[in-house]
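Trainee: Please read through the structure below; I'll follow up with questions.
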Amino acid sequence: MIICEDIHKHYPLGHGRKNVLNGVNFTIQKGQKVGLLGRNGAGKSTLIKLLGGVEFPSSGRIRRHMSLSWPLGFGGGFQGSLTGYDNARFIARIYGQDYDAIKDFVEDFTELGRQLKAPVKTYSSGMRARLAFALSLIIEFDCYLIDEVILVGDQDFQRKCYHELFEKRADRTLVIASHSPGTIQKYCNQALIIHDGLGRFYDDISEALAVYSAL
Amino acid sequence: MAGLTKGWRIQVRVIIALMIRELTTRFGRENIGFLWVMVEPLLFAGLVAVVWAAMRGSETHGISIISFVITGYIPLTLFRSAVSRSVKVFEVNGSLLYHRQIKLIDFIFVRFLIEMIGSLFALMFIGAALYVVGIFPLPYSFGHMLLGWFLYSLFTFSMCLVIAPLSEVSDILEKFIPVVTYLMIPLSGTFFLVQWLTPSMREFILWSPPVTAMELLRFGLYGHSMRPYYDISLVVIFSLIMTVIGLALCRKVRRTLVVG
Numbered sequence: 217m218i219i220c221e222d223i224h225k226h227y228p229l230g231h232g233r234k235n236v237l238n239g240v241n242f243t244i245q246k247g248q249k250v251g252l253l254g255r256n257g258a259g260k261s262t263l264i265k266l267l268g269g270v271e272f273p274s275s276g277r278i279r280r281h282m283s284l285s286w287p288l289g290f291g292g293g294f295q296g297s298l299t300g301y302d303n304a305r306f307i308a309r310i311y312g313q314d315y316d317a318i319k320d321f322v323e324d325f326t327e328l329g330r331q332l333k334a335p336v337k338t339y340s341s342g343m344r345a346r347l348a349f350a351l352s353l354i355i356e357f358d359c360y361l362i363d364e365v366i367l368v369g370d371q372d373f374q375r376k377c378y379h380e381l382f383e384k385r386a387d388r389t390l391v392i393a394s395h396s397p398g399t400i401q402k403y404c405n406q407a408l409i410i411h412d413g414l415g416r417f418y419d420d421i422s423e424a425l426a427v428y429s430a431l
Numbered sequence: 249m250a251g252l253t254k255g256w257r258i259q260v261r262v263i264i265a266l267m268i269r270e271l272t273t274r275f276g277r278e279n280i281g282f283l284w285v286m287v288e289p290l291l292f293a294g295l296v297a298v299v300w301a302a303m304r305g306s307e308t309h310g311i312s313i314i315s316f317v318i319t320g321y322i323p324l325t326l327f328r329s330a331v332s333r334s335v336k337v338f339e340v341n342g343s344l345l346y347h348r349q350i351k352l353i354d355f356i357f358v359r360f361l362i363e364m365i366g367s368l369f370a371l372m373f374i375g376a377a378l379y380v381v382g383i384f385p386l387p388y389s390f391g392h393m394l395l396g397w398f399l400y401s402l403f404t405f406s407m408c409l410v411i412a413p414l415s416e417v418s419d420i421l422e423k424f425i426p427v428v429t430y431l432m433i434p435l436s437g438t439f440f441l442v443q444w445l446t447p448s449m450r451e452f453i454l455w456s457p458p459v460t461a462m463e464l465l466r467f468g469l470y471g472h473s474m475r476p477y478y479d480i481s482l483v484v485i486f487s488l489i490m491t492v493i494g495l496a497l498c499r500k501v502r503r504t505l506v507v508g
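Respectively, the protein sequence lines represent chains F and X. Residues 217 to 431 in the numbering used here are what the first sequence spells out, letter by letter. Residues 249 to 508 in the numbering used here are what the second sequence spells out, letter by letter.
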């Protein structure tokens with residue numbers, strides 16, 4: 217279970233501040249697949265970062281009663297100057313995994329071949345997505361925090377992700393940030409719409425999508 | 249208690265991973281690799297020692313110049329490089345904060361530790377090499393040397409803990425760092441023994457924590473050919489206060505840190 221209580225987040229902006237979230241409350245149960253919907257700049261990525269503990273709320277509390285992945289997107293979590301292998305080694309070390317045991321999976325899942333020996337900063341965004349996904353799947357989190365951009369790979373990659381996340385790990389919790397109704401329809405069974413700094417939780421996806429398209 | 253040991257294990261894991269990462273990004277895997285970490289203090293101390301010896305002859309106050317300058321300069325380079333490496337350390341490492349188990353203090357500690365180990369190796373290496381050719385004395389007491397080194401390190405680390413979060417909040421501070429580290433030179437005990445000073449100066453200069461550390465380090469090397477002046481409790485208390493302030497600042501900065 218993840219419980220968010222009255223989450224506020226503001227960033228400094230010039231001499232004033234920009235309020236992104238103004239008191240968001242919700243609870244995510246184990247196994248739920250939650251779509252985070254919102255327009256550009258509504259605060260989806262901010263909320264994902266707060267959930268993942270990358271940034272801290274300005275006020276309010278987040279209680280995590282399960283293990284959460286780091287936010288999976290194009291950026292973050294990697295060292296651009298290190299190679300794909302070095303990043304895998306680093307992740308294995310900090311999460312207490314045996315590198316030799318995960319190496320094969322990384323090679324297999326990413327299909328990056330020799331490219332894994334090159335610095336991550338030379339990767340295309342699609343290649344980064346593959347690596348990020350592979351590494352997060354190794355750790356076996358209870359809940360995966362996903363930025364939609366990462367799911368927009370080629371057909372083959374999408375199939376793999378679907379297989380690993382929704383078939384092999386059907387019991388896990390997912391939070392997917394997106395502004396595309398299609399993605400939410402396909403992957404989620406609940407939705408949280410963020411608008412004007414407030415969040416509203418919907419148990420019915422089609423209702424949520426109707427509200428969202430009316431925004 | 250179980251939670252505490254688990255947390256400890258995770259932090260040890262994180263620190264090892266960060267060390268390896270820092271060493272590979274800074275020095276690469278080519279040629280001598282991480283041994284580069286001791287090259288800078290070695291060159292610095294070695295060259296300055298040669299210049300001093302050329303200017304002032306081989307002895308001062310009955311102590312060999314070369315060893316005196318080397319024992320002074322290597323701790324000083326430790327302080328200077330550790331402090332300058334802790335400036336903006338969070339910004340540089342920002343993307344790693346995606347992993348919750350990595351704390352801000354880990355970044356500071358790892359950078360400090362690399363500098364510390366590098367300069368310690370440099371000191372041992374140059375000391376041993378010069379001992380073999382007969383221009384470095386055999387230490388009178390390794391215990392005192394180690395105690396001095398430890399206190400110097402404690403002081404340095406506690407300063408880094410304060411400077412790192414402050415540099416994140418204020419850009420002005422960054423501009424002052426070179427001046428501050430320069431001012432450290434007369435206050436650090438690098439170029440004098442306290443016994444050479446007047447009694448009132450002695451009392452004054454002992455308020456500077458690194459002076460105690462330098463005195464102990466040098467007493468460990470020269471033994472009773474000098475008389476050490478030191479105040480260990482002052483160094484420990486000063487460093488503890490700085491550490492508490494630094495940890496509080498880190499905590500505060502972390503709460504508002506924007507991670508790209």
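Positions of the beta carbon are idealized from the N, C-alpha and C atoms, including for glycine. Predicted, not measured: the structure shown is a model, and the values here were computed from it.
Within the chosen definition, does the segment 378-396 of chain F reach the segment 229-236 of chain F through at least 3 CB pairs nearer than 8 Å?
Mentor: As far as the Cβ criterion goes, the segment 378-396 of chain F does not touch the segment 229-236 of chain F, which means the pair count is below three.
Trainee: Run through DSSP, which three-state label would X:PRO458 get?
Mentor: Note: X:PRO458 maps to helix in three-state DSSP.
Trainee: Span of the alpha helix (DSSP H) holding X:GLU278?
Mentor: Neither: X:GLU278 is in no alpha helix (DSSP H) and is coded neither H nor E.
Trainee: At what residues does the beta strand (DSSP E) containing F:ILE362 begin and finish?
Mentor: Element bounds for F:ILE362: 359-363.
Trainee: For F:GLU271, which residues from the same chain have a beta carbon less than 8 Å from its beta carbon, with the 5 sequence-adjacent residues on both sides left out?
Mentor: Within the same chain, F:GLU271 has close Cβ partners LYS225, THR262, LYS265.
Trainee: Please decide whether X:THR308 counts as near chain F, where near means a Cβ-Cβ distance under 8 Å.
Mentor: Answer no: the Cβ-Cβ gap between X:THR308 and chain F never drops below 8 Å.
Trainee: Could you tell me whether any Cβ in chain X is nearer than 8 Å to the Cβ of F:LYS337?
Mentor: It does not; no Cβ of chain X falls within 8 Å.
Trainee: Beta carbons nearer than 7 Å to chain X: which residues of the segment 284-312 of chain F have them?
Mentor: Correct list: TRP286, PRO287, GLY291, GLY292, GLY293, PHE294, GLN295, SER297, LEU298, ASP302, PHE306, ARG309, ILE310, GLY312.
Trainee: Looking only at its own chain, which residues have a Cβ that is under 7 Å from the Cβ of F:GLN404, when we skip the five neighbours before and after it?
Mentor: It is Cys, not Gln, that sits at residue 404 of chain F in the sequence shown. So the qualifying residues of the chain are LYS249, VAL250, GLY251, ILE392, ILE421.
Trainee: Name, going along the chain, the residues of the segment 402-419 of chain X whose beta-carbon falls closer than 7 Å to a beta-carbon of chain F.
Mentor: Within the segment 402-419 of chain X, no residue qualifies.
Trainee: With a cut-off of 8 Å, do at least 3 Cβ pairs link the segment 294-305 of chain X to the segment 391-404 of chain X?
Mentor: They do not touch, by the three-pair rule.
Trainee: Are F:THR299 and F:LYS337 close, meaning C-beta to C-beta below 8 Å?
Mentor: No, the pair does not count as a contact, with Cβ atoms beyond the cut-off.
Trainee: Counting only beta-carbon separations shorter than 8 Å, does F:VAL240 have a partner in chain X?
Mentor: So no, F:VAL240 is outside the interface.
Trainee: What is the rounded straight-line gap between the Cα of F:ILE410 and the Cα of F:GLY369?
Mentor: Rounded to the nearest angstrom, the two C-alpha atoms are 25 Å apart.
Trainee: Please give the ranges of any alpha helix (DSSP H) in the segment 272-355 of chain X, keeping only runs that are unbroken, at least 4 residues long and fully inside the region.
Mentor: DSSP runs (the alpha helix (DSSP H)) wholly in the segment 272-355 of chain X: 287-304, 313-334, 337-341.
Trainee: Whose C-beta lies closer than 6 Å to the C-beta of X:LEU414 among residues of the same chain, with five residues either side of it excluded?
Mentor: Cβ within range, chain order: LEU421.
Trainee: Who are F:GLY251's beta bridge partners in DSSP?
Mentor: Paired residues: F:ILE392, F:ALA407.
Trainee: Determine the burial state of X:PRO447: buried for a count of at least 16 other Cβ atoms within 10 Å of its Cβ, exposed for fewer.
Mentor: X:PRO447 should be labelled exposed.
Trainee: Mapping DSSP to helix, strand and coil, what is X:GLY508?
Mentor: Coil at X:GLY508, not helix or strand.
Trainee: Just to confirm the assignment, what range does the alpha helix (DSSP H) spanning F:LYS337 have?
Mentor: Per DSSP, F:LYS337 belongs to no alpha helix (DSSP H) and is neither H nor E.
Trainee: Taking the continuous beta strand (DSSP E) assigned at F:HIS226, which residues delimit it?
Mentor: Unbroken beta strand (DSSP E) run through F:HIS226: 218-229.
Trainee: Would X:SER343 and F:GLY268 be called neighbours here (beta carbons separated by less than 8 Å)?
Mentor: No; because the gap between Cβ atoms is not below 8 Å, this pair is not in contact.
Trainee: Listed in chain order, which residues of the segment 272-292 of chain X have Cβ atoms closer than 8 Å to some Cβ of chain F?
Mentor: Listed by position, the residues of the segment 272-292 of chain X near chain F (Cβ gap below 8 Å) are THR272, THR273.
Trainee: Taking 8 Å as the CB-CB limit, is X:ALA265 close to chain C?
Mentor: Absent from the structure: chain C. Protein chains present are F and X.
Trainee: Say whether chain X places a C-beta atom closer than 8 Å to the C-beta of F:LEU360.
Mentor: In the sequence under discussion, the amino acid at residue 360 of chain F is Tyr, which differs from the Leu named in the question. Not closer than 8 Å to any Cβ of chain X, the Cβ of F:TYR360 fails to qualify, so no.
Trainee: Looking only at its chain, what residues have a beta carbon closer than 7 Å to the beta carbon of X:TYR379, apart from the 5 residues adjacent to it on each side?
Mentor: LEU386, listed in sequence order.
Trainee: Going along the chain, which residues of its own chain have a beta-carbon closer than 6 Å to the beta-carbon of F:CYS359, five neighbours each way excluded?
Mentor: So the qualifying residues of the chain are MET282, LEU284, THR389.
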